[in-house]
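Q: If you're matching positions, the sequence shown starts at 1 in UniProt numbering and goes up one per residue.
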Amino acid sequence: MSTYVAPLRDMQFILKDIAGLEEICALPGNEECSVDLVESILDEAAKFATGVLDPINRNGDSVGSQCKDGVVTTATGFKEAYKLFCETGWNAMPFSPEYGGQGLPASVTMAVNEMWKSANMAFALCPMLTGGAIEAIAHHASDELKQKYLPKMVEGTWTGTMNLTEPNAGSDLAAISTKAKKLDDGTYLVSGTKIFITWGENDCAENIIHLVLARLPDAPPGLKGISLFLVPKFLVNDDGSLGQRNDLICASIEHKMGIHGSPTAVMSYGEKEGAVGYLIGEENKGVGYMFTMMNHARVNVGLEGVGIAERAYQHALWYARERVQGKIVGDKSDEKKTILHHPDVRRLLMECKARTEAMRTLAYYAAAQIDKAHAGDAAAQARIDLLTPVVKGWSTEQGVELTSTALQVFGGVGFIEETGACQYYRDSRITTIYEGTTAIQANDLVGRKLAREKVPGAAMKAMLAEINATADELAANPALANIAVNLKNGANSLSTATDWIIANYDSNPQAVHAGSVPFLHLTGIVAGGWLMAKSAGIAASRIAAGDSDTFYPAKLATAEYFATHQLPFAAAYAAEVTGGAASVFGLPENLF
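The structure is reproduced here in structure tokens:
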């Protein structure tokens, strides 16, 4: 069985040469961060991922979490790993020093988080959800709630959750029925049932801080009548110590296709007098507050697509280097060779490697835009707004495809659980669904981020201008001409589809949304291809300067592969966007 090894060289290259790590470290508030420090952090994170998280991943999948009488027991090793995770400061990395965090840039934590997700995605979901809850509290809660809850959450002693979904209210948050009643002391009693609550109950944390969407009795209907409440598992005394158990319980945990090590809870609030909750922000503005948490989670879920694809690729590569099977086409020797020499196995592995590198580069680039936006860069804010649904939707869809591709390398034994290849495929499947399905991300992209932008298409056209500039620059180098041509063609396809969406959105929104997911794929391929092309340009210049690092020829090869095998799909997706709506609606309902 293979062991996960963090792709540190690629991570470092992307952070330094594409994300602009030196520039990020120079931003206000990041003065204590340096390139050398980041390299040390990545090295230590790699050791933790390989030595602590990867060894318990398989057991987490095969045994999973167990629930009895409302008490959840995580898989063997998870509790000890989480304790060590917090003691060594990993949980505190991205958060404000005001509450005990380390204040490291988003681009740095993005790379570290990828390692957690590759080594053990079920485990990584716990700090990810806690981080989202911290962001929502830090941005919208009262100072009293911040001081009372954030230090312990940043430390990791207390974990956090996000409670949106109900049995009759999935993506349609307007349909939620969980209730909240205000008491004379300013607190609220919350009652209702929430489902699909990631790490909703666990034995790793002393306390669990639930953020719960609920409706007040006199609230207006729909999304405008939803408030957000902080509901702790244990009430917290004024001195910070834990008080009595709140009126909430884990009714059960879900039996799932994958991520078995992550306890996905059905949470019941207020079966007795009501669960005590504290209003975050103002009444009836909860959905907006929750989106602070969801946007944080969406970029991180997109990173799950990167992480799980990388792990599946490494596993498949290990097998391809070990397995001897069949005669190699065109090989006239009698030498026994591994399946890595079969042409189609090479193609499968190149698919995994090149596409994963493209996803990683896009995710880290997006994280750099978050860092710049936090420093007040309006253009960076527009860019991350545009790319958030793409990072989430495109990367997770890629993750599902690539875990399947990696499994194919194993042949029949890949379908057998003992090889471990099945787990990555199963674990990846949820990523396209939670934190907003791919269709929700695509609808956000063509709607809020494109057609309904203040100047429709402005952010996309700004990015396209940079993409075309890169293509023109690379075209001057004959060794990069193929990449340049394919990138230019991809940009033209994206531009054509963008103009069509803007022109048709108001008059025929159904036609636009029928092609919204293909448009998301189109944007991901072109944006990822652009950053791979930039990487190729840097690699070519280093080689020309005499750098003998074998990383650069490898990067050129994967960039060339992506340009040749992926960017041509842009034209097909553009055709689907601009001319595919009629056939989507061509079959009458009674003929389905």
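Just so it is clear, CB atoms sit at the ideal spot from N, CA and C, and this is done for glycine as well.
Whole-angstrom Cβ separation of W394 and L520, contact assumed at under 8 Å?
A: On the sequence shown, residue 394 is found 394 positions in, with the first residue counted as 1. On the sequence shown, residue 520 is found 520 positions in, with the first residue counted as 1. At roughly 6 Å, the Cβ-Cβ gap stays under 8 Å, so W394 and L520 are in contact.
Q: Here's the rule I'm using: 16 or more other beta-carbon atoms within 10 Å means buried, otherwise exposed. How should Q566 be labelled?
A: One-based indexing of the sequence shown puts residue 566 at position 566. Label assigned to Q566: buried.
Q: Counting along the chain, where does the alpha helix (DSSP H) carrying I134 start and finish?
A: Translated into positions along the sequence shown, residue 134 becomes position 134. Counting along the chain, the unbroken alpha helix (DSSP H) around I134 starts and ends at M121 to H140.
Q: Out of E31, G537 and M1, which has the shortest C-alpha to C-alpha gap to A375?
A: Taking the sequence shown and counting its residues from 1, the one referred to as residue 375 is at position 375. It is E31 whose Cα lies nearest to the Cα of A375.
Q: Could you please give the first and the last residue of the uninterrupted beta strand (DSSP E) stretch that includes T264?
A: Walking along the sequence shown from the start, residue 264 turns up at place 264. That run of the beta strand (DSSP E) goes T264 to Y269.
Q: Grouping DSSP H, G and I as helix and E and B as strand, with all else coil, what is W530?
A: Counted from its first residue, the sequence shown places residue 530 at position 530. If DSSP states are grouped into helix, strand and coil, W530 belongs with the helices.
Q: Does the contact criterion of 3 or more C-beta pairs under 8 Å hold for the segment 331 to 340 versus the segment 533 to 542?
A: no
Q: Can you name the start and end residues of the alpha helix (DSSP H) that Q423 belongs to?
A: Here residue 423 refers to the residue found at position 423 when the sequence shown is read from its first residue. Where Q423 is concerned, the enclosing alpha helix (DSSP H) stretches over A421 to R429.
Q: Out of F85, N163 and I525, state which residue places its alpha-carbon closest to the alpha-carbon of M359.
A: Locating residue 359 in the sequence shown gives position 359, counting from the first residue. When only C-alpha atoms are compared, the closest one is I525.
Q: Taking the alpha carbon of L242 as the point to measure from, which residue in H260, T437 and N207 has its own alpha carbon closest?
A: Stepping through the sequence shown from its first residue, residue 242 is reached at position 242. Taking only the C-alpha atoms, the option nearest L242 is N207.
Q: Can you grab the Cα-Cα spacing for the pair R58 / L183, in whole Å?
A: Start at 1 with the first residue of the sequence shown, and residue 58 comes out as number 58. Start at 1 with the first residue of the sequence shown, and residue 183 comes out as number 183. Spanning the two alpha carbons is a distance of roughly 47 Å.
Q: Taking the beta carbon of H513 as the centre, do at least 16 other beta carbons fall within 10 Å, making it buried, or is it exposed?
A: In the sequence shown, residue 513 corresponds to position 513, counting from 1. Buried: at least 16 other Cβ atoms inside 10 Å.
Q: Where do the ends of the beta strand (DSSP E) carrying H210 lie?
A: Looking up residue 210 in the sequence shown gives position 210. Taken as a continuous stretch (DSSP letters only), the beta strand (DSSP E) holding H210 covers N207 to R215.
Q: Considering only residues of the same chain and omitting the five flanking positions on each side of T396, which have a CB-CB separation below 8 Å?
A: Within the sequence shown, numbered from 1, the residue matching residue 396 stands at position 396. Same-chain partners within the cutoff: V301, G302, E304, G305, S428, T431, T432 and T438.
Q: Starting from the C-beta of V266, find all residues in its chain whose C-beta is less than 6 Å away, skip the five residues before and the five after it, and write them out in chain order.
A: For the purposes of this step, residue 266 is taken as the residue at position 266 of the sequence shown. Answer for V266: I195, A251 and S252, listed in chain order.
Q: If we count the other Cβ atoms within 10 Å of its Cβ and call it buried at 16 or more, is T564 buried or exposed?
A: As a first step, residue 564 must be located in the sequence shown, where it is residue number 564. Looking at its Cβ environment, which holds fewer than 16 other Cβ atoms inside 10 Å, T564 is exposed.
Q: Hey, is the segment 83 to 103 in contact with the segment 145 to 161, meaning 3+ C-beta pairs nearer than 8 Å?
A: Yes, the segment 83 to 103 is in contact with the segment 145 to 161.
Q: Near Y4, what residues of its chain come up, given a Cβ to Cβ distance below 7 Å and the 5 sequence neighbours on each side ignored?
A: Along the sequence shown, read from residue 1 onward, the residue named residue 4 stands at position 4. The answer, listed in chain order, is A49, T50, D54, S118, A119, R311 and Q314.
Q: Hey, would you say P151 sits closer than 8 Å to Y82, going by beta carbons?
A: On the sequence shown, position 151 is the one that residue 151 refers to. On the sequence shown, position 82 is the one that residue 82 refers to. It is not a contact, given that the beta carbons lie outside the stated cut-off.
Q: Between the segment 363 to 374 and the segment 262 to 278, are three or more C-beta pairs nearer than 8 Å?
A: no
Q: Contact between the segment 408 to 416 and the segment 442 to 462: three or more CB pairs below 8 Å?
A: no
Q: Jot down the residue ranges of each uninterrupted beta strand (DSSP E) in the segment 283 to 321, minimum 3 residues, whole runs only, in chain order.
A: none
Q: Please state if the CB of A309 and the CB of V409 are separated by a distance shorter than 8 Å.
A: The sequence position of residue 409 within the sequence shown is 409, counting from 1. The sequence position of residue 309 within the sequence shown is 309, counting from 1. The answer is no: Cβ separation not under 8 Å.
Q: With a 10 Å radius around its C-beta and 16 neighbouring C-beta atoms as the bar for buried, classify R215 as buried or exposed.
A: Along the sequence shown, read from residue 1 onward, the residue named residue 215 stands at position 215. With a threshold of 16 other beta carbon atoms within 10 Å, R215 meets it and is buried.
Q: Keeping to the same chain, check which residues put their C-beta closer than 7 Å to that of T419; ignore five residues upstream and five downstream.
A: Within the sequence shown, residue 419 is the residue found at index 419, counting from 1. Counting only Cβ-Cβ distances below 7 Å, and skipping sequence neighbours, we find F410 and V413.
Q: By Cβ distance below 8 Å, which residues in the same chain neighbour A481 in space, the five residues on each side in sequence not counted?
A: The sequence position of residue 481 within the sequence shown is 481, counting from 1. If we look at A481 and ignore the five residues flanking it on each side, its Cβ neighbours are L474 and A475.
Q: Which first and last residues belong to the alpha helix (DSSP H) in which W394 is found?
A: Counting from one through the sequence shown, the residue named residue 394 turns up at place 394. First-last of the alpha helix (DSSP H) with W394: A378 to F410.
Q: Keeping to the same chain, check which residues put their C-beta closer than 8 Å to that of T550; ignore five residues upstream and five downstream.
A: Reading the sequence shown from its first residue, position 550 is the one you call residue 550. Same-chain partners within the cutoff: there are none.
Q: Run the proximity test for L189: is its beta-carbon closer than 7 Å to any non-hydrogen atom belonging to the ligand FMN?
A: No copy of the ligand FMN occurs in the structure displayed, which carries no ligand at all.
Q: If you draw a straight line from the alpha carbon of S227 to that of E135, how long is it in whole angstroms?
A: Counting from one through the sequence shown, the residue named residue 227 turns up at place 227. Counting from one through the sequence shown, the residue named residue 135 turns up at place 135. The alpha-carbon atoms of S227 and E135 are separated by roughly 17 Å.
Q: What does a CB cutoff of less than 8 Å around S171 pick up in its chain, not counting 5 residues either side in sequence?
A: If you number the sequence shown from 1, residue 171 lands on position 171. Closer than 8 Å at the Cβ level, and outside the excluded window around S171, lie G436, T437 and I440.
Q: Could you check which residue in I339, L230 and F13 has the C-alpha nearest to that of E322?
A: Here the question's residue 322 lines up with position 322 in the sequence shown. The residue with the shortest Cα to Cα distance from E322 is I339.
Q: Under 8 Å, do T578 and W500 count as touching if we go by C-beta distance?
A: Taking the first residue of the sequence shown as position 1, residue 578 is located at position 578. Taking the first residue of the sequence shown as position 1, residue 500 is located at position 500. Yes. Within cutoff.
Q: Considering only residues of the UniProt domain "Acyl-CoA oxidase/dehydrogenase middle" (162 to 265), which uninterrupted beta strand (DSSP E) runs meet the minimum length of 3 residues and lie entirely inside it, listed in chain order?
A: Fully enclosed beta strand (DSSP E) runs of 3 or longer: 179 to 182, 188 to 198, 207 to 215, 226 to 232, 234 to 236, 242 to 245 and 248 to 253.
Q: When the Cα atoms are used, what is the spatial distance from E44 to F85?
A: Position 44 of the sequence shown holds residue 44. Position 85 of the sequence shown holds residue 85. Roughly 12 Å between the two C-alpha positions.
Q: So, helix, strand or coil for residue 611, using DSSP?
A: Nothing about residue 611 can be reported from this structure: the residues present for the chain run from 1 to 592 only.
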